[in-house]
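What follows is one structure encoded as structure tokens, with my remarks underneath.
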Amino acid sequence: MLFPYKYVPHTMDRMQRFINFIFNEVWCKAPKSGAFRLELFDSNPDLKEVMTTFYYSDNKNADFFYGHIERIYGLFAELPRTDIRQFKRWHQGNNDILKVCANDPTTHIARYEDIPLKHKILIKQLNSFFTGLYDNVGIAAFKNKVGSLDEHYKAFMGINTIGKCPFCGITDMLGVYHTAREAYDHYLPKTYYPFNSINFHNLVPACHYCNSSYKSSKDPAFTPKDPARAVHRRKVFYPYANGDYGINVTIRLSKPDIDRLQPNDILLTFGPPELNEEIETWKDVYSIDERYKAKCCSGDAKAWLEEFRILNRAYGASPGSFRNTIDDQVVNNRFANQNFFKKAFIESCDHLGILDAIASGA
Ligand SMILES: [Zn+2]
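Structural data, given as structure tokens:
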């Protein structure tokens with residue numbers, strides 16, 4: 068991940084607080100609370116109002132919420148105290164996205180597949196509820212209380228103004244001046260993880276390529292499933308970290324013939340070394356090697372060299388002055404116009420003598 072997002076507090080955060088209340092105050096207390104009824108929500112008047120609306124509605128979205136919450140309550144009511152304690156640890160672990168990303172050994176996370184099969188019916192209900200929760204969040208009863216995803220997106224992009232996707236750095240993001248918006252990626256995919264599908268620390272706008280074409284449902288917290296190897300936990304960039312990651316990209320080309328450059332002619336290295344594990348996860352999840360090599364072989368890369376040719380012919384720009392200009396552009400804005408990548412590419416070309424060859428009229 069090239070840079071972290073700033074977390075933007077919003078009324079949508081109430082959704083996760085509703086879920087936390089439902090989990091801790093309703094489900095986990097089910098063994099001692101008697102029959103499921105609206106009074107269970109008394110200490111959360113906003114949520115009680117929503118649940119009351121659902122109770123009297125015959126709308127299928129209302130049925131989705133009310134039905135799941137009631138069914139899961141019934142299943143929790145049968146659980147012994149030790150199982151409730153374990154579910155509490157998983158609920159907390161799955162929502163501590165920062166610690167999950169850091170692979171903190173004190174965090175208890177659980178994917179559906181990690182929950183013992185004796186809870187088969189509960190797993191099915193939790194899966195159906197938490198997978199559908201995000202898609203159903205736009206219904207009117209919630210909208211009055213928490214706002215909408217579109218409103219959240221506008222507020223989010225009003226603060227996160229870099230304009231490029233932080234996961235690839237090369238694709239423009241739809242922003243405050245677009246009527247459409249990018250999708251939110253469930254960083255820990257909702258197909259695998261219960262409890263965090265509406266937690267905005269786990270929801271990150273990403274470009275279509277990063278989200279749909281490459282990451283899809285890959286799990287950043289675990290190495291890929293491979294029959295030949297054991298799957299294990301891994302560190303991954305936390306999307307809402309404080310401060311810049313300072314990722315650097317170095318490109319080395321094995322031949323100077325840019326017109327015939329192929330991905331196999333390109334070697335990419337990334338730093339800093341202390342973030343090596345996070346970088347490897349990032350490269351795996353978003354297929355960074357493939358996409359960055361394709362970028363080196365693209366029209367953009369050829370146009371960067373052409374830009375030097377034009378400046379050299381028209382104004383006598385030298386390789387050094389061209390590189391100094393790009394350095395200034397990077398200092399001014401690393402990500403605008405893919406400056407960070409242009410700098411790495413032009414450096415690699417200069418290393419091979421390509422700029423000198425252009426300057427000498429080749
Ligand atoms: Zn992207």
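Those letters in the sequence shown? Residues 68 to 429, by this note's numbering. Virtual Cβ for every residue (Gly too), placed ideally from N, Cα, C.
Along the segment 216 to 275, the beta strand (DSSP E) occurs as fully enclosed runs of 3 or more residues at 251 to 253, 270 to 272, listed in sequence order. Taking 7 Å as the cut-off, the Cβ atoms of Ile355 and Gln83 do not count as close.
A distance of 7 Å or more separates the beta carbons of Asn162 and Asn91.
Here the segment 191 to 210 does not lie against the segment 358 to 372, with fewer than 3 beta-carbon pairs under 8 Å apart. Between Glu345 and Lys410, the C-beta spacing is not below 7 Å.
In summary, Ile136 is buried, with 16 or more beta-carbon neighbours lying within 10 Å of its beta-carbon over all protein chains present.
Within 6 Å of the C-beta of Cys235 there is at least one heavy atom belonging to ligand 1. Around the Cβ of Glu106, a 10 Å sphere holds fewer than 16 other Cβ atoms; the residue is exposed. For the options His245, Phe289, Ile237, Ser279, the alpha carbon positioned closest to that of Tyr259 is the one of Phe289.
Between the segment 189 to 202 and the segment 127 to 144 there are three or more C-beta pairs closer than 8 Å, enough to call the two in contact. Taking a cut-off of 8 Å on C-beta distances, the segment 274 to 284 does not touch the segment 326 to 340, as fewer than three cross pairs fall below it.
Here Asn379 is buried. Its C-beta has 16 or more other C-beta atoms within 10 Å.
For Asp394 and Leu335, the gap between their C-alpha atoms comes out near 19 Å. According to DSSP, Ile333 shares a beta bridge with Leu320. The closest CA to that of Cys416, considering only His275, Pro294, Phe375, Gly383, is found on Phe375. Secondary structure note for Phe121: its alpha helix (DSSP H) is the uninterrupted segment 112 to 123.
Setting aside the 5 residues that flank it on each side, Leu419 is surrounded in the same chain by Leu320, Pro323, each with a C-beta closer than 7 Å to its C-beta; the list follows chain order. Shown here, Asn315 sits in a strand according to DSSP, grouped into three states. By the 16-neighbour rule on beta-carbons within 10 angstroms, Leu184 is exposed. Separation of Phe88 and Asn111 (C-alpha to C-alpha, rounded to the nearest whole angstrom) is 8 Å.
At a Cβ-Cβ threshold of 7 Å, Ala97 and Ala144 count as neighbours. DSSP places Asp293 in the strand class (E or B) of the three-state scheme. DSSP places Arg376 within a helical segment (H, G or I) once states are collapsed to three. The Cβ neighbour count for Ile377, taken over all protein chains shown within 10 Å, is under 16; the residue is labelled exposed.
Taking the CA atoms as reference points, Ile226 sits about 27 Å from Lys350.
Distances from the alpha-carbon of Val93 to those of Gln192, Asp80, Lys115 put Lys115 closest. For Ala361, the enclosing alpha helix (DSSP H) covers residues 355 to 363. With contacts defined as CB atoms closer than 7 Å, Ala222 and His77 qualify as a contacting pair.
Secondary-structure assignment with DSSP links Gly338 through a beta bridge to Asn315. Note on geometry: alpha-carbon atoms of Pro272 and Cys168 lie some 17 Å from one another. For Ser415, the enclosing alpha helix (DSSP H) starts and ends at 406 to 418. Of the candidates Ile188, Lys166, Leu165, Gly160, the residue whose Cα lies closest to the Cα of Arg178 is Gly160. Within the chosen limit of 6 Å, ligand 1 does not reach the beta carbon of Thr348 with any heavy atom. Shortest Cα-Cα distance from Gly236 to any of Asp171, Ile421, Pro71, Val298 involves Pro71. Within the DSSP secondary-structure output, Arg300 pairs in a beta bridge with Phe289. Looking at the backbone, the Cα of Val352 and that of Pro386 are separated by about 36 Å.
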